[in-house]
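Before any comments, here is the structure.
Chains as they are written, first to last, in my numbering: chain A, 207 to 304; chain B, 207 to 304; chain C, 207 to 304; chain D, 207 to 304; chain E, 207 to 304; chain F, 207 to 304; chain G, 207 to 304.
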């Protein structure tokens, strides 16, 4: 992809089809109040290291191809070849499938 | 579980049944305004050490299998094998059963 | 008590009976706008030392059995053996009876 | 007084009588929008020194018996021997009579 | 004046008369949305030096007798000998007449 | 351009025409809730290095002529020779086309 | 001018006439939602250096006589010799004409 996220942002392809929203045995319900969602990581921005804390670098946290759960609010939608992608900030990445 | 929480988040299985909500002699009332809830810890994210304070690491605070009280607001619901789990931030973990 | 508060939180037993709300000569009025309340300390969380300020450690501030005045908003209610307790953050502890 | 304020709080006895609200030649008007008020310092909490600034310690700022002007919002009312006192944070102490 | 402002506050005497509001050739309009006002400095609080920035000390910024422009919101009114004064925080001092 | 953005701001020329909003295969939809937009970088402000984190300098992030995606809210519109430009803060630059 | 802005503030003379609002080829539209405006710098406050970042000093950023674009909200109006001036904070200076 020729689009590079700025700072600790990633681009993901949301998995919106009911079928696809079941990853292994995990289903993301449609009824959740603060709807977390599943997406596949397409592009990863830059590590930003804060000298006063030791959290993982973005590049250690996710790799291209990983599937993640993200909080819906906060992301920005873009379309590539008529498919929908999202720009997600690190703080909205809730969990990573291993 | 094949799902790893990001940073200082944990995954818990909420104990919602009236019977189960009594742990030993502790009952969580349904009528509490800011409803704290009980959950069992299923997965634990990563320690984030801030160099300007000395609070416990997440990994020292809870172990898988611990039962905790958490503040309801703030968590995100997910479903695994049709059971409901929640992603909880460290700051919403109020107390741990010993 | 088999419940350990996280970080700088304490568990207190509120003193709600009119009679009990008079401690020595101090009465907490029902009519106060931001109602401070009296409680007895039941369990104490962990000291969190911030390196850029010198305030007292939580363990220096209160002992189990102390009676405190706390700001009502902010605490979370739980029930143990049908009696009501509250989880209170350090910042909501206003004063300690000596 | 057997009540010790936590951190940089003080306990003051408000001077509410019209007559008493005149201290020397200073009168606090009832009509002020953000009503500052006069009180006499009854008890003083603990010094909290922040290493990145040099402001006065609370114990240097006020002594028991001092009269202060405080911003009304923010304090918490308590009653001792049927007289009203207030718990005031350092940031709500606006000025001290010398 | 026997009243000492706390931290970086000053006491000013507002110049409210239309005539007086013209200082040299400067007029403060009544119609300004966020109305800045002119006052004469009566008393000055204490310097608070923050170690991570180099802004002027309060005592370097204003002297008793200086005339200043201040932002109206934020100050607290008091009356001395039936004249109105205001307690102003350093951050609400916009400019100083030289 | 004879206009220099202050601090970590840039000036961009928005690409508003439907045709132009397709860059390679990427289309920015009109229906996105928090509408990200594409612009071409016209002028770049100054690097601001924060000593407690290691994020890229503004000058490393974008060059004049780059095309970026930015969050719509936050920017300020100006007109040069009857064409519309925008002043964008670094934090509103979401991604850069490579 | 006998008026010295406090900290990182400047005094500018707004250019409000339609004719004057065109500087070279740049026109500031009346219809912009968050209306940026052009002004000429009349007086400059004091440099405030923060030790944890390296942004330009105010005195490096603007000189008396420079023309700037500023965000409208936030400034405070004053009148000198019946002409309108504004007190502007550094953070509301968006760009400088070179």
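Positions of the beta carbon are idealized from the N, C-alpha and C atoms, including for glycine.
1) Taking the beta carbon of residue 286 of chain E as the centre, do at least 16 other beta carbons fall within 10 Å, making it buried, or is it exposed?
2) Taking its Cβ as the centre, do 16 or more other Cβ atoms sit within 10 Å of residue 250 of chain G, making it buried, or is it exposed?
3) Can a CB atom of chain E be found closer than 8 angstroms to the CB of residue 260 of chain G?
4) Report yes if the CB atom of residue 243 of chain A is closer than 8 angstroms to the CB atom of residue 216 of chain A, and no otherwise.
5) Starting from residue 259 of chain E, follow the alpha helix (DSSP H) in both directions and report where the run begins and ends.
6) State the DSSP-derived secondary structure class of residue 289 of chain A, mapped to helix, strand or coil.
7) When you compare the CB of residue 304 of chain C with every CB in chain D, is at least one pair closer than 8 angstroms?
8) Step through the CB atoms of chain D and report whether any lies within less than 8 angstroms of the CB of residue 252 of chain E.
9) Beta-carbon of residue 216 of chain B versus every beta-carbon of chain C: anything under 8 angstroms?
10) DSSP on residue 266 of chain G, reduced to helix/strand/coil?
11) Answer with yes or no whether the minimum CB distance from residue 300 of chain C to chain B is below 8 angstroms.
12) Can you list, in chain order, the residues of its chain whose CB lies under 7 angstroms from that of residue 283 of chain B, leaving out five sequence neighbours each side?
13) Taking 8 angstroms as the cut-off, decide whether the C-beta atoms of residue 247 of chain D and residue 269 of chain D are in contact.
14) For residue 252 of chain G, tell me which candidate among E/264, E/277, E/281, E/208 has the shortest Cα-Cα distance.
15) Please classify residue 214 of chain A: is it buried, with 16 or more other beta-carbons within 10 angstroms of its beta-carbon, or exposed?
16) Residues in the same chain with beta-carbon distance under 6 angstroms from residue 299 of chain E, minus the five sequence neighbours each way, listed in chain order, please.
17) On the DSSP letters alone, give me the boundaries of the beta strand (DSSP E) that residue 302 of chain B sits inside.
18) If you compare alpha carbons, which of D/207, D/208, D/219 is closest to residue 294 of chain D?
19) Residue 237 of chain C by DSSP, collapsed to three states: which one?
20) Measure the C-alpha to C-alpha separation of residue 208 of chain B and residue 301 of chain A and round it to an integer number of angstroms.
21) Just checking my contact of residue 257 of chain G with residue 258 of chain E at CB under 8 angstroms: how many whole Å lie between their CB atoms?
22) Short of 6 angstroms in beta carbon distance, which residues of its chain neighbour residue 272 of chain G, apart from the five on each side in sequence? Order them along the chain.
23) Tell me, please, whether the CB atom of residue 277 of chain A is closer than 8 angstroms to any CB atom in chain B?
24) Using a Cβ-Cβ cut-off of 6 angstroms (strictly less than) and excluding sequence neighbours within five positions of residue 226 of chain B, which residues of its own chain qualify?
25) With hydrogens ignored, establish whether the beta-carbon of residue 221 of chain G is closer than 7 angstroms to any heavy atom of the ligand GDP.
26) Can you give me the C-alpha to C-alpha distance between residue 279 of chain D and residue 304 of chain D, rounded to a whole angstrom?
27) Give every residue of the same chain whose Cβ lies closer than 7 angstroms to the Cβ of residue 281 of chain C, excluding the five residues on either side of it in the sequence, and list them in chain order.
28) DSSP has residue 214 of chain C in a bridge; who is on the other side?
29) According to DSSP, what are the bridge partners of residue 250 of chain C?
30) Give the single residue among C/266, C/221, C/267 whose Cα lies nearest to the Cα of residue 245 of chain C.
31) For residue 267 of chain E, which residues in the same chain have their Cβ closer than 8 angstroms to its Cβ, ignoring the five residues on either side in sequence?
32) Measuring straight from C-alpha to C-alpha, what distance separates residue 288 of chain G and residue 212 of chain G?
By the coordinates alone:
1) buried
2) buried
3) no
4) no
5) Unbroken run through residue 259 of chain E: none, as it is neither H nor E.
6) strand
7) yes
8) yes
9) no
10) helix
11) no
12) 290, 292
13) yes
14) E/264
15) buried
16) 274, 276
17) 299-303
18) D/219
19) In this prediction, residue 237 of chain C scores a pLDDT of 49, lower than 50, which makes its location untrustworthy; the coordinate-derived value is nonetheless stated afterwards. Coil, per DSSP.
20) 10 angstroms
21) 5 angstroms
22) 247, 302
23) yes
24) With a pLDDT of 49 at residue 226 of chain B, under the threshold of 50, the predicted position of this residue should be treated as unreliable, though the coordinate-derived value follows. Around residue 226 of chain B: no qualifying Cβ.
25) You won't find the ligand GDP in this model; it holds no ligand whatsoever.
26) 24 angstroms
27) 292, 293, 294, 298
28) According to DSSP, which records beta bridges pairwise, residue 214 of chain C is partnered with nothing at all.
29) C/216
30) C/221
31) 296, 299, 302
32) 23 angstroms
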